[in-house]
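In this text, residue positions in the first sequence follow the working numbering: the first is 60, and each later residue adds one. Beta carbons are placed, not taken as given, at the ideal position from N, Cα and C, and that holds for glycine. Note that this is a predicted model, so its numbers are computed, not measured. The block underneath contains the structure these notes are about, expressed in structure tokens.
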Amino acid sequence: MTIRVYNTLSRRKEDFVPLHGRRVSMFVCGITPYDATHIGHAKTYVAFDVVARYLRRKGYDVFYLQNVTDIEDRLIDRMHKSGRSWKDLVKEFVGEYLDGMTRLACTSVNLYAYATDYMPEILEQIEGLIAKGFAYAAEDGSVYYDTTRYPDWGKLSGQKVEEHIAGARVAVDERKRNPADFALWKAQKPGEPAWDSPWGKGRPGWHIEDTAITVRHFGPRYDIHGGATELMFPHHEAEIAQAEAFTGVKPFVNVWMHGGMLMVSGEEMHKSLGNFWALKDALARWEPEVLRFFYLNAHYRSPIDFAPELVDEAGRSYARLRETVRTIDAERRRTPDAGSADAALRAATATALEAFDAAMADDFNTREAIAAIFEYARSVNKAVEVGTGRVALDEAATAFARFGEVLGLFARASADDAVVEGLMDLLVRLREDARKRKDFATADGIREGLAKLGIVLEDTRDGVRWKSA
RNA sequence: GCCGGGGUGACAGAGCGGCUAAUGUGACCGACUGCAGAUCGGUUUCCAGGGGGUUCGACUCCCUCCCCCGGCACCA
């Protein structure tokens with residue numbers, strides 16, 4: 060099946076065709092570690108994690124590269140305010156970020172590239188841009204990109220230079236030749252970290268680190284560039300201008316993907332509004348899989364509204380699917396060879412796998428893919444009720460494993476082993492004996508005791524089944 | 001102001017020029033049941049922001065208005 064991907068550059072869905080056979084180079088704008096990772100970051104990275112997972116599932120050899128902008132204005136600002144070194148801040152916030160990503164099962168990144176590890180490439184690009192006439196050094200040792208020299212400026216976001224000048228609400232920096240010009244290199248101010256350059260001490264401007272990183276790893280053109288929509292202008296626009304002018308290769312990126320923003324109860328998330336949700340706080344309140352499921356419940360390009368009640372609701376919704384997975388596990392333990400509902404379940408499994416794949420192939424439509432899983436879950440539950448056999452159940456387990464692998468869900472490890480199964484058989488039998496004697500106190504005592512261990516007993520028409528947490 | 005993206009049933013949220021608007025949550029009814037849990041069946045939405053237009057037919061395409069969100073070159 061052809062994968063269709065919405066490309067911001069063309070504003071439509073396109074057939075996904077990698078540049079080099081099955082190899083896919085994918086870059087996603089990472090964090091600037093100047094503050095806590097929040098739930099908006101997490102939405103973006105969960106979305107692109109699924110993109111990478113799905114492409115890999117489809118047989119693509121994806122190299123997923125993400126930058127860490129470990130030198131930037133906001134970081135310096137934080138440094139001044141906190142009295143801590145920028146390296147110290149980077150260490151803390153990157154650590155927190157990676158911890159959150161691990162817990163959210165965002166495990167598909169191949170390499171996190173730190174801006175400051177690419178100084179040679181950054182300087183090379185700036186020098187190259189000056190040599191080609193796309194950039195100029197100002198008196199103070201800063202270097203700017205001359206946007207008037209780049210005809211495609213604005214092609215990604217649809218911005219027009221003249222209109223920006225008309226709508227500008229801030230005074231134009233007088234070191235610049237044109238209002239739209241942006242800094243490639245910023246001259247050092249007192250107390251700021253700095254690196255040597257042909258223009259004196261300074262640091263890279265925001266934007267240049269990403270092209271330095273991608274040109275080094277991917278060359279002048281690569282397959283997918285992702286990020287949240289807020290980065291479209293000026294950040295991604297600047298990347299295009301830098302890279303295409305520097306390498307002379309167009310287009311710099313084949314597919315631009317942008318994820319929708321996250322709101323909190325209908326408002327922008329801000330510390331000053333008191334509605335700021337650090338990722339670690341959200342993870343303290345909800346299970347990582349629930350949060351992940353919440354994000355994937357909407358299409359990645361849609362903005363989503365974050366509200367505790369909505370995440371709770373997603374949790375209830377997700378519990379239904381998780382319950383089906385547990386039911387499958389429990390039923391498989393009974394190991395019937397065949398059942399009356401085998402054919403129905405096997406057909407449903409095939410249908411579900413197909414529907415899931417079709418949804419994912421259509422611009423990674425996780426919401427529709429999840430809808431397919433829900434429909435399938437009902438089929439599974441129905442088949443189990445009627446009675447289904449081992450082969451069909453094994454297929455169902457495999458199907459859920461497939462969904463889970465792509466979405467990063469259903470990862471609960473089952474702790475079953477032979478001893479546990481033997482003990483459970485024994486307990487279930489003892490409880491059944493008690494029930495037959497109408498000794499419900501003993502029966503309920505066994506059930507409650509197991510519940511405390513995370514094991515649920517369910518009495519069904521054709522016997523007891525148990526599920527581990 | 002300019003650029004981009006949205007406004008769908010109680011809520012969340014998809015698809016599609018034409019079958020009852022997917023799926024989930026919630027609520028209600030029923031089945032199952034010693035109790036519990038899970039599950040199954042059914043019910044609950046029917047001016048899809050307002051107005052115009054195209055069409056045999058629009059939630060889906062076009063125009064317009066309203067509202068919401070993000071971005072808009074300094075860099076706090």
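By Cβ distance below 7 Å, which residues in the same chain neighbour Asp-205 in space, the five residues on each side in sequence not counted?
Indexing the first sequence from 1 puts residue 205 at position 146. Counting only Cβ-Cβ distances below 7 Å, and skipping sequence neighbours, we find Phe-193, Ala-194, Tyr-195, Arg-236, Asn-237 and Asp-240.
For Asn-66, which residues of its own chain have a beta-carbon under 7 Å away from its beta-carbon, when the five flanking residues on both sides are left out?
Working through the first sequence from its first residue, we reach residue 66 at position 7. Residues of the same chain with a CB within less than 7 Å of the CB of Asn-66, apart from the 5 flanking positions on each side, are Glu-73, Val-314 and Trp-315 in chain order.
Spatial neighbours of Gly-264 in its chain, beta-carbon cut-off 7 Å, leaving aside the 5 residues before and after
Against the first sequence, residue 264 aligns to sequence position 205. Counting only Cβ-Cβ distances below 7 Å, and skipping sequence neighbours, we find Phe-241, Ala-242, Leu-243, Trp-244 and Lys-245.
According to DSSP, is Glu-251 part of a helix, a strand, or is it coil?
Walking along the first sequence from the start, residue 251 turns up at place 192. In the structure shown, Glu-251 sits in coil (DSSP, three-state: anything other than H, G, I, E or B).
Could you give the uninterrupted runs of the alpha helix (DSSP H) lying entirely in the stretch 460 to 499, keeping only those of 4 residues or more?
As far as the stretch 460 to 499 is concerned, its whole alpha helix (DSSP H) runs of at least 4 residues are 477 to 495.
Which residue's Cα is closest to the Cα of Val-149: Ala-164, Asp-132, Phe-311 and Cys-165?
By one-based count along the first sequence, residue 149 stands at place 90. When Ala-164, Asp-132, Phe-311 and Cys-165 are compared, the shortest CA-CA separation from Val-149 is found for Asp-132.
Across which residues does DSSP place Asp-364 in a beta bridge pair?
Numbered from 1 along the first sequence, position 305 holds the residue referred to as residue 364. Looking at the DSSP output, Asp-364 sits in a beta bridge with Met-322.
CA-to-CA distance, Leu-452 to Glu-289, given in whole angstroms:
Within the first sequence, numbered from 1, the residue matching residue 289 stands at position 230. Within the first sequence, numbered from 1, the residue matching residue 452 stands at position 393. So the alpha carbons of these two residues sit roughly 45 Å apart.
Beta-carbon proximity of Ala-460 to Thr-408, cut-off 8 Å:
For the purposes of this step, residue 460 is taken as the residue at position 401 of the first sequence. For the purposes of this step, residue 408 is taken as the residue at position 349 of the first sequence. Between Ala-460 and Thr-408, the C-beta spacing is not below 8 Å.
Would you call the stretch 404 to 420 in contact with the stretch 431 to 440, where contact means no fewer than 3 C-beta pairs closer than 8 Å?
Taking 8 Å as the limit for Cβ pairs, the verdict is that the stretch 431 to 440 does touch the stretch 404 to 420.
State the DSSP-derived secondary structure class of Tyr-93, mapped to helix, strand or coil.
Residue mapping note: residue 93 aligns to position 34 of the first sequence, counting from 1. Secondary structure at Tyr-93: coil, using DSSP grouped into helix, strand and coil.
Contacting residues, own chain, Cβ-Cβ under 6 Å from Val-323 (five flanking each side not counted):
Locating residue 323 in the first sequence gives position 264, where the first residue counts as 1. Asn-334 and Phe-365, listed in sequence order.
Neighbourhood of Arg-82 by C-beta, 6 Å cutoff - its chain only, sequence neighbours within 5 removed
Counting from 1 along the first sequence, the entry for residue 82 is found at position 23. Within the same chain, Asp-120 come within 6 Å of Arg-82 by CB-CB distance, once the 5 residues on both sides are set aside.
Under the assumption that Tyr-123 contacts Met-160 (Cβ atoms under 8 Å), give the Cβ distance between them as a whole number of angstroms.
Residue mapping note: residue 123 aligns to position 64 of the first sequence, counting from 1. Residue mapping note: residue 160 aligns to position 101 of the first sequence, counting from 1. Separation of the CB atoms of Tyr-123 and Met-160 is rounded to 12 Å, and the pair is thereby denied contact status at 8 Å.
Simplified DSSP assignment, three categories, for Ala-406
Taking the first residue of the first sequence as 1, we reach residue 406 at position 347. Three-state DSSP puts Ala-406 in a helix.
Residue burial classification, Glu-268 (beta-carbon count within 10 angstroms, cutoff 16)
Residue 268 sits at position 209 when you count from the first residue of the first sequence. Buried, since its Cβ has 16 or more Cβ neighbours within 10 Å.
Reducing DSSP to helix, strand and coil, say where Pro-263 ends up.
By 1-based counting over the first sequence, the position of residue 263 is 204. Here Pro-263 sits in strand by DSSP.
Would you mind reading off the limits of the beta strand (DSSP E) that contains Arg-234?
Start at 1 with the first residue of the first sequence, and residue 234 comes out as number 175. Per DSSP, Arg-234 belongs to no beta strand (DSSP E) and is neither H nor E.
Cβ-Cβ distance between Met-320 and Leu-215 below 8 Å
Residue 320 sits at position 261 when you count from the first residue of the first sequence. Residue 215 sits at position 156 when you count from the first residue of the first sequence. Pairing Met-320 with Leu-215 gives a Cβ-Cβ distance that is not under 8 Å.
Helix, strand or coil, according to DSSP, for Ala-337 in the structure here?
Position 278 of the first sequence, counted from the first residue, corresponds to residue 337. Ala-337 falls in the strand class under three-state DSSP.
Secondary structure at Tyr-123, three-state DSSP: helix, strand or coil?
Against the first sequence, residue 123 aligns to sequence position 64. If DSSP states are grouped into helix, strand and coil, Tyr-123 belongs with the strands.
Closest Cα partner of Ala-164 within the set Leu-412, Lys-526, Ala-470 and Glu-151
Here the question's residue 164 lines up with position 105 in the first sequence. Ranked by how close their Cα comes to the Cα of Ala-164, the residues Leu-412, Lys-526, Ala-470 and Glu-151 have Ala-470 in first place.
Asp-388 to Ala-403, Cα distance in whole Å?
Within the first sequence, numbered from 1, the residue matching residue 388 stands at position 329. Within the first sequence, numbered from 1, the residue matching residue 403 stands at position 344. CA-to-CA, the gap between Asp-388 and Ala-403 works out to about 19 Å.
Continuous alpha helix (DSSP H) stretch holding Tyr-435: start and end
Taking the first sequence and counting its residues from 1, one reaches residue 435 at position 376. Note, Tyr-435: alpha helix (DSSP H), 425 to 445.
Going by the CB atoms, is the gap between Arg-162 and Ser-201 shorter than 8 Å?
Here residue 201 is taken as the residue at index 142 of the first sequence, counted from 1. Here residue 162 is taken as the residue at index 103 of the first sequence, counted from 1. Cβ distance not < 8 Å, so Ser-201 and Arg-162 don't count as in contact.
Quickly, what does DSSP pair Met-160 with across the bridge? List them, please.
Start at 1 with the first residue of the first sequence, and residue 160 comes out as number 101. Paired residue(s): none; Met-160 is not in a bridge.
Those residues which DSSP pairs with Arg-71 across a bridge
Here residue 71 is taken as the residue at index 12 of the first sequence, counted from 1. Bridge partners of Arg-71: Asn-66.
Under 8 Å between C-beta atoms of Asp-422 and Arg-63:
Within the first sequence, numbered from 1, the residue matching residue 422 stands at position 363. Within the first sequence, numbered from 1, the residue matching residue 63 stands at position 4. Yes.
What are the residues that DSSP puts in a beta bridge with Ala-194?
By one-based count along the first sequence, residue 194 stands at place 135. According to DSSP, which records beta bridges pairwise, Ala-194 is partnered with Tyr-204.
Supposed close pair Gly-89, Val-127 - CB separation, criterion 8 Å:
Here residue 89 corresponds to residue number 30 of the first sequence, with the count starting at 1. Here residue 127 corresponds to residue number 68 of the first sequence, with the count starting at 1. About 5 Å; that satisfies the 8 Å criterion.
Report yes or no: do the stretch 110 to 117 and the stretch 139 to 154 share at least 3 C-beta pairs separated by less than 8 Å?
Result no; under three Cβ-Cβ pairs closer than 8 Å.
So if DSSP puts Met-316 in a beta bridge, which residue, or which two residues, is it bridged to?
Locating residue 316 in the first sequence gives position 257, counting from the first residue. As DSSP reads the structure, Met-316 sits in a beta bridge with Gly-285.
From Ala-428 to Glu-348, what does the alpha carbon distance come to, in whole angstroms?
By one-based count along the first sequence, residue 428 stands at place 369. By one-based count along the first sequence, residue 348 stands at place 289. Each residue's CA atom was taken as its position, placing Ala-428 and Glu-348 some 16 Å apart.
Am I right that Trp-345 and Gly-374 are in contact with their C-beta atoms under 8 Å? What's the rounded C-beta distance?
Taking the first residue of the first sequence as 1, we reach residue 345 at position 286. Taking the first residue of the first sequence as 1, we reach residue 374 at position 315. About 6 Å separates the beta carbon of Trp-345 from that of Gly-374, a gap short enough to meet the 8 Å contact definition.
Do Leu-412 and Ala-458 have their C-beta atoms closer together than 8 Å?
The sequence position of residue 412 within the first sequence is 353, counting from 1. The sequence position of residue 458 within the first sequence is 399, counting from 1. For Leu-412 and Ala-458, yes; Cβs fall inside 8 Å.
Is Ser-520 helix, strand or coil by DSSP?
What you label residue 520 is simply residue 461 of the first sequence in a count that begins at 1. Per the sequence shown, residue 520 should be read as Arg rather than Ser. Note: Arg-520 maps to coil in three-state DSSP.
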